[in-house]
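Asker: In the working numbering, each residue carries its 1-based index in the sequence shown increased by 5.
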Amino acid sequence: MAVARLLFYGYRLAQARAWWVMAWTRKEVGIVFGLSLTLLLLVCLVAEVGLALLRPAPVQRDALLGWKLKANYQREFAQQSLGGATYPVSFATNDQGLRVFGSAAAPVKILVLGDSFTADPFASNDRMWYAAMAKRLAARLNRPERDFYVMGGGGGGWGTYQNLLLSQELAPRLKPDLFVLQFCSNDFQNNSYDWESKSVARGQFMRRPFFIAGAGHPQYAQGLLASIYRSILGESRLLNRVDGLIGSMQVRRYGGYTQPLSPQLVAGYESDSVALTQTLLTRLRRAYRAPAVMVNCDSRKVGPNRYWQEIARKAGFIPLGAPSDFLRSLKPRARNDVFNADGAHLSEEGNALYGAIVGDAIASLRLLPSR
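(1) Mind checking which residues open and close the alpha helix (DSSP H) that includes Trp-72?
(2) By alpha-carbon positions, which one of Ala-143, Leu-74 and Lys-114 ends up nearest to Thr-123?
(3) Taking Arg-145 and Asp-342 to be in contact with their CB atoms under 8 angstroms, please state how far apart those CB atoms are, rounded to whole angstroms.
(4) Which runs of the beta strand (DSSP E), 3 residues or longer, sit entirely within the segment 176–224?
(5) Taking Ala-346 as the reference, which of Leu-244, Ala-128, Pro-63 and Lys-319 has the closest Cα?
(6) Quick one: using the 10 Å Cβ neighbour count with 16 as the cut-off for buried, is Val-51 buried or exposed?
(7) Please state if the CB of Leu-142 and the CB of Arg-151 are separated by a distance shorter than 9 angstroms.
(8) Could you tell me whether the segment 232–244 touches the segment 207–222, using the rule of 3 or more Cβ pairs below 8 angstroms?
(9) Can you tell me the Cα-Cα spacing of Ala-206 and Arg-376, whole angstroms?
(10) If I measure Cβ to Cβ from Lys-203 and keep anything under 7 angstroms in the same chain, skipping five residues before and after, which residues do I get?
(11) To the nearest angstrom, how far is the alpha carbon of Ser-190 from that of Asp-277?
(12) Please classify His-350: is it buried, with 16 or more other beta-carbons within 10 angstroms of its beta-carbon, or exposed?
(13) For Arg-288 versus Leu-179, is the C-beta distance shorter than 9 angstroms?
(14) Let me check one thing: in DSSP terms, what residues is Tyr-293 bridge-paired to?
(15) Our contact map puts Gln-167 next to Gly-321 with C-beta atoms below 8 angstroms; I'd like the distance itself, whole angstroms only.
(16) Please classify Lys-140 as buried or exposed, where buried requires at least 16 neighbouring CB atoms within 10 angstroms.
(17) Please go through the same chain and pick out, in chain order, the residues whose beta-carbon is closer than 6 angstroms to the beta-carbon of Pro-328, but skip the five residues on each side of it.
(18) Spatial neighbours of Met-138 within its chain, please: CB distance less than 6 angstroms, with the 5 preceding and 5 following residues excluded, ordered by chain position.
(19) Quick test of your reading: Val-155 and Ala-136, contact by CB under 8 angstroms. State the CB separation rounded to the nearest angstrom.
(20) Using 10 angstroms around the beta-carbon of Pro-324, count the other beta-carbons present and answer buried if the total reaches 16, otherwise exposed.
(21) Return the chain-ordered ranges of every alpha helix (DSSP H) run that is complete within the segment 240–283 and spans a minimum of 4 residues.
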């Protein structure tokens with residue numbers, strides 16, 4: 006009897022409590038929802054401001070290029086090699102958004118364009134591979150290092166078309182004595198709208214300009230989501246962090262940056278991308294009258310990357326195979342001092358080795374005068 010009475014009173018209490026909650030919800034739901042939303046927005050705002058102050062990004066959105074390096078930007082980074090060694094990075098850009106090494110008054114000016122291998126802060130300006138290239142050129146040509154001024158530009162994740170668009174802005178103001186294009190195997194996919202649309206790197210696809218034959222001007226992904234990515238909302242560090250986490254999970258799931266595709270579809274994308282990349286490289290080569298060489302940060306001879314040297318020659322570049330051969334000879338785990346902690350980019354030591362090989366290759370071509 007006591008147990009039954011206890012259950013009865015418990016039931017009546019639960020009924021009364023449920024009625025109170027339901028009544029409170031009907032009256033106050035608007036206020037509670039509004040306060041909760043306001044609190045959430047304040048937390049997000051504080052997080053955004055905190056990230057902007059503590060870790061200011063070196064890139065900014067750009068209506069034409071999608072994203073680019075900030076001009077007159079300086080920041081100290083801490084990097085780590087794959088082996089765990091830490092090293093400081095002094096990253097800086099000039100008023101044109103270029104990373105520079107040397108003096109602008111130097112008689113020999115070299116322009117280097119590329120992607121993250123060139124533009125991202127994996128080593129200090131004076132320790133990037135193109136700075137090491139200039140130092141080796143000075144030694145090989147019997148000239149002082151002060152004779153060389155190197156300008157490095159581009160952006161992480163950039164494709165050939167973005168470097169072409171940037172060159173159309175730079176060419177009227179810059180007259181380099183040597184043009185070096187740093188290419189990568191993923192440029193083939195980055196250049197193709199259809200192929201890139203299958204990538205899990207949404208932030209890049211939604212922002213990237215694409216060359217479409219006959220369009221007359223850059224084309225961009227359409228739709229509400231693409232508009233958000235290209236708007237000021239797309240600069241949200243939290244949004245990009247969440248997007249990056251989702252992308253990382255998809256990479257692990259798919260085993261790469263592209264959704265699973267049929268072999269026939271991949272073959273078609275690859276064939277089209279080779280022809281398109283050939284067109285873009287030819288136009289890019291015409292932007293500068295100086296001698297031009299091309300290096301590749303990916304040594305794998307698979308997919309369309311098998312043809313990079315061939316299309317480089319057809320476009321008017323001199324392909325340098327030695328730097329790629331050097332990378333192919335390395336095994337990341339055996340030479341973990343050469344690679345960044347991400348296992349894909351070069352560390353400070355790797356930049357020095359790669360740049361010296363590039364410098365040797367250019368010196369052997371006698372494209373620049375010696376003393």
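Just so it is clear, CB atoms sit at the ideal spot from N, CA and C, and this is done for glycine as well.
Source: prediction; values computed, not measured.
Answerer: Working from what's here:
(1) No alpha helix (DSSP H) holds Trp-72; the beta strand (DSSP E) holding it covers 71–74.
(2) Leu-74
(3) Not confirmed; about 25 angstroms, so no contact.
(4) 183–188
(5) Ala-128
(6) exposed
(7) no
(8) yes
(9) 48 angstroms
(10) Thr-263, Gln-264 and Leu-266
(11) 14 angstroms
(12) So His-350 ends up on the buried side.
(13) no
(14) DSSP output for Tyr-293 lists no bridge partner at all.
(15) Not confirmed; about 19 angstroms, so no contact.
(16) buried
(17) Val-300, Tyr-359, Ile-362 and Val-363
(18) Gly-360, Val-363 and Gly-364
(19) 6 angstroms
(20) buried
(21) 242–259
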